[in-house]
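Residue numbers (our numbering), protein chains in the order written: chain A, 1 to 144; chain B, 145 to 379.
Even for Gly, the Cβ is constructed at its ideal location relative to N, Cα and C.
First up is the structure itself, then whatever we jot down about it.
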Amino acid sequence: MSGAGLVSRCAAALVDVGVLAAANALIGIVLGGIRYTLQGPPYALPSLPGWAFGVSNWVLVVLYLTASWTLTGRTPGQLVLGLRVVTETGRPPGAVRALVRALVCVAFPVGVLWTLVSRDTRAVHDLVAGTTLGYDPAVRGAAR
Amino acid sequence: MGADGAQRRPAAVRVAGRAGRLLAGGAGLTVRGLTGLVAPPGQAGGPIVVVGTRLGEAALGLTALAGRRVLDVAAGVAMPVEAAASVMMRSGGSVARRTGVARRVDRLARIGRDEQRRNERMAADLLRSAWRRSVAQALADADVEAALAGVDLDAIVARVDVDAVVERVGVPELVERVLDDVDLGRIVRESSAGMAAETVDAVRWRSAGADRALNGFIDRVVLRRSPRDGSRSPP
C-alpha cells in the first residue's frame with residue numbers, strides 16, 4: 001500500500017502547526033490570567049527562558065502526535081487532509097509505535113523528503129515505526 | 145451587546161433569559177392589576193406609591209444589568225467549554241468504537257428504544273379512547289340543532305368591525321416579531337458549514353492530485369524510473 005505524498009503531508013503539518021500554536025497561545029493566556037488573579041496587575045504573558053520554552057514545546061508536540069495517532073490514527077491536520085496512519089495490518093498504530101513515530105518525526109523532520117525517493121512513498125519515520133500514512137478511502141480515488 | 149449578542153448566546157442561556165423575562169412580566173402585570181384594583185382609576189396615588197414604584201423599577205434595572213453581564217460572561221465561558229466537550233465526545237466515541245463499548249451501548253439503546261415505543265403506543269391508545277368516549281358523551285348531551293336555530297349568523301357578521309380587528313391584532317408588529325424569531329444566525333451557520341465541508345473536500349482532492357503530480361515528476365524526470373503504484377494513471 002503506497003502512502004500519501006509530500007504535498008499532503010506538508011499541508012497536514014501546516015494545519016497541525018496552527019493547532020499547536022493556538023494551544024500554545026491559550027496555555028500562555030490562561031497561565032497569565034492565573035498569575036494576574038493571584039498577584040494582581042499588570043497582566044503579562046508568562047516569560048520562559050528559551051531552553052524551557054523549546055523543551056516544553058518539544059514535549060507538547062510529541063504528546064500531541066502520540067495521543068492523536070493512538071486514539072484516532074490521525075492528527076487534526078491529517079483529518080482535514082483526509083489522511084491516516086496505519087500499520088501493516090491496516091489498523092491504527094499502538095501507543096509504542098505511535099511514540100516511536102512521533103519521536104523520529106520531531107527529531108528528524110527532514111526524513112519526510114524520503115517520500116520523494118521511496119518506492120511506496122513512505123517517509124523515514126514511517127520506515128522506522130513500520131507505519132504508512134495513507135489516504136482515506138474517500139480520497140484514495142483521487143490519488144490514483 | 146444588543147440583539148446581536150443575544151444571538152451568539154447558547155440556546156440554554158437564551159431559554160433561561162426568556163423564562164426569566166416571562167416570569168418578571170407576569171409578576172409585573174399581577175402587581176399592576178392589584179394596585180389598579182386598590183386605587184381608583186384616574187388617580188396617580190400617593191407619594192409612597194410613586195417612590196415604591198420608582199424603587200421597584202430601579203431594582204429591576206439593576207437585575208437586568210447584572211443578568212446581562214452574567215449572561216455575557218457565561219456565554220464567553222461556554223464557548224470554549226462547548227468546543228472542548230465536542231472534542232472530548234468525538235475522541236471518546238472513537239475510543240468506544242475501538243474497544244467495543246459502542247456495540248454494547250447500541251444494544252442497550254435498541255432495547256430502551258423498543259420499550260419507549262411500546263410505552264408511547266400504550267399512552268396514545270389510552271388518550272385516543274378517552275377522547276372518543278368524552279366526545280361521544282358531549283355529542284349525546286348537546287342538542288346542536290336547537291342551538292343553531294336560535295343563532296342569527298347574518299346579524300353577527302354585520303356587527304363585526306373588520307378594521308378594528310385588524311388594528312387590534314397589529315399586523316406590522318406581528319410580522320416584526322415573526323422576523324425577529326427567524327434565527328438568521330442558525331441559517332448562516334448551517335450554510336457556512338456546508339461550504340466548509342465542500343472546501344475541505346476540494347483541499348483533499350487538490351493535495352492528493354498534487355502528490356500524484358509531484359511523484360510522477362520525480363519518477364519520470366529526476367530518477368528516470370517506472371512510475372510507482374501510487375502515481376500510476378488509470379489505463
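**OP:** Could you name the residues of the stretch 340-359 of chain B whose beta carbon sits closer than 8 Å to any beta carbon of chain A, in the order they occur along the chain?
**Re:** VAL344, VAL347, ARG348, TRP349, SER351, ALA352, GLY353, ALA354, ASP355, ARG356, LEU358, ASN359
**OP:** State the Cα-Cα distance for the pair B:ARG350 and B:ARG212, rounded to the nearest angstrom.
**Re:** 47 Å
Original post:
Does B:ARG364 have its Cβ less than 8 Å from a Cβ in chain A?
Top reply: no
**OP:** Measure the beta-carbon distance from A:ASP16 to A:GLY73 and round it to whole angstroms, keeping in mind my assumption that it falls under 8 Å.
**Re:** 14 Å between Cβ atoms; not a contact.
Subject >> Short CB-CB distance (under 8 Å) between B:SER230 and chain A >> reply: no
Original post:
Pick from A:ALA129, A:LEU116, A:GLY5: whose alpha carbon is nearest that of A:CYS105?
Top reply: A:ALA129
Original post:
So with Cβ pairs under 8 Å, would you call B:VAL239 a contact of chain A?
Top reply: yes
Original post:
Straight-line CA distance for B:GLY353 to A:VAL85?
Top reply: 19 Å
Original post:
How about A:ALA143: is its C-beta nearer than 8 Å to some C-beta of chain B?
Top reply: A caution first: A:ALA143 carries a pLDDT of 47, below 50, which makes its placement in the model too unreliable to give a value.
Original post:
Do you know how far the Cα of B:MET339 is from the Cα of B:ALA346?
Top reply: 11 Å
**OP:** Could you name the residues of chain A that B:ARG372 contacts, counting a contact when the two beta carbons are closer than 9 Å?
**Re:** SER2, SER118, ARG119, ASP120, THR121
Original post:
If you count every other CB in all the chains shown that lies within 10 Å of the CB of B:ALA147, and 16 or more means buried, which is it?
Top reply: Caution applies to B:ALA147, whose pLDDT of 44 falls short of 50 and renders its modelled position unreliable; the value that the coordinates give is listed next. Per the 10 Å Cβ criterion, exposed.
Subject >> Test: A:GLY5 CB closer than 8 Å to a CB of chain B >> reply: yes
Subject >> Rounded straight-line distance, which links the Cα of B:GLY161 to that of B:GLY205 >> reply: Taking the straight line from one Cα to the other gives about 15 Å.
Subject >> Beta-carbon spacing of B:ALA218, B:VAL301 below 8 Å >> reply: no
**OP:** Grab the span of the beta strand (DSSP E) containing A:ARG84 for me, first residue to last.
**Re:** It spans 83-87 - the beta strand (DSSP E) in which A:ARG84 sits, taken as one unbroken run.
Original post:
So A:THR115 is in the beta strand (DSSP E); what residue range does that whole segment cover?
Top reply: First-last for A:THR115: 114-117, but that is the alpha helix (DSSP H), not the beta strand (DSSP E).
**OP:** Please go through the stretch 162-246 of chain B and give each complete alpha helix (DSSP H) segment of 4 or more residues, from N-terminal end onward.
**Re:** 191-243
Subject >> Span of the alpha helix (DSSP H), counted from its first residue to its last, around A:THR70 >> reply: DSSP places A:THR70 inside the alpha helix (DSSP H), whose first and last residues are 50-71.
Original post:
Per DSSP, what kind of secondary structure is A:THR75 in: helix, strand or coil?
Top reply: coil
**OP:** Identify, in the order they occur along the chain, each residue of the same chain with its Cβ nearer than 8 Å to the Cβ of A:PRO46, setting aside the five sequence neighbours on each side.
**Re:** GLY28, LEU31, GLY32, ARG35
**OP:** Give the straight-line distance between the Cα atoms of B:GLY374 and A:THR87, rounded to the nearest whole angstrom.
**Re:** Residue confidence for B:GLY374 is low, a pLDDT of 49 falling below 50, so the modelled location carries little weight; the figure read from the coordinates is stated next. Looking at the two C-alpha atoms, the distance is approximately 17 Å.
Subject >> Residue of A:THR70, A:LEU99, A:ASN24 minimising C-alpha distance to A:LEU48 >> reply: Put simply, of A:THR70, A:LEU99, A:ASN24 the residue whose alpha carbon is nearest the alpha carbon of A:LEU48 is A:ASN24.
Subject >> Per-residue DSSP class, three states only, for A:LEU38 >> reply: Three-state result, A:LEU38: helix.
Original post:
Taking just the CA atoms, how far does A:VAL62 sit from A:LEU103?
Top reply: 6 Å
Original post:
By how many angstroms is the C-alpha of B:ASP355 removed from the C-alpha of A:LEU146?
Top reply: Shown here, chain A extends from 1 to 144; a query on residue 146 of chain A therefore has no answer.
**OP:** Give me whichever residues DSSP pairs with A:TYR135 in a beta bridge.
**Re:** In DSSP, A:TYR135 forms a bridge with A:LEU83.
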